[in-house]
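Note that the sequence shown covers residues 3 to 75 in my numbering.
All residues carry an ideal CB built from backbone N, CA and C; glycine is no exception.
All figures in this text were calculated on a predicted structure; none of them were measured in a lab.
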Amino acid sequence: MSKSTQTQLMTASEVAAAFGRDTRIISRWTREGRLTPTTKLPGKTGAYLYDASQIQKLAKRAKPVVEAPKAAS
């Protein structure tokens, strides 16, 4: 018997959280081809969905986001 494997999908918001980035960055990376969505939901503005296992692999290799120090007031 073979097991049916289902791909777990992530929204752009979940991908952004995995990378510690804003969803606008995820949209830009998708346009640039740095991220490849698995599917797109129907409609003109349908959301992209990403393969969770691929995103997790990429997020582990990504450099951590370092926030700039805040200026003293």
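Have a look at the options and flag the residue whose alpha-carbon is nearest the alpha-carbon of residue i.
i	options	result
R26	Y50, A64 and L11	Y50
Grab me the residues of residue i's own chain with a C-beta within less than 7 Å of its C-beta, minus the 5 sequence neighbours each way, in chain order.
i	result
A61	A20 and F21
Y52	L11, M12, V17, L37, P39 and T40
Quick check on DSSP: helix, strand or coil for residue i?
i	result
K2	Coverage of the chain is limited to positions 3 through 75, which leaves residue 2 absent and any answer about it impossible.
A20	helix
L11	strand
Taking only the alpha-carbon atoms, compute the straight-line gap between residue i and residue j and give it to the nearest angstrom.
i	j	result
A64	Q8	25 Å
D24	G35	17 Å
K59	P44	27 Å
At a cut-off of 6 Å, would you count residue i as near the ligand SAH, judging by its Cβ distance to the nearest heavy atom?
i	result
L37	For the ligand SAH, the structure offers nothing, since it holds no ligand at all.
Give every residue of the same chain whose Cβ lies closer than 8 Å to the Cβ of residue i, excluding the five residues on either side of it in the sequence, and list them in chain order.
i	result
W31	L37
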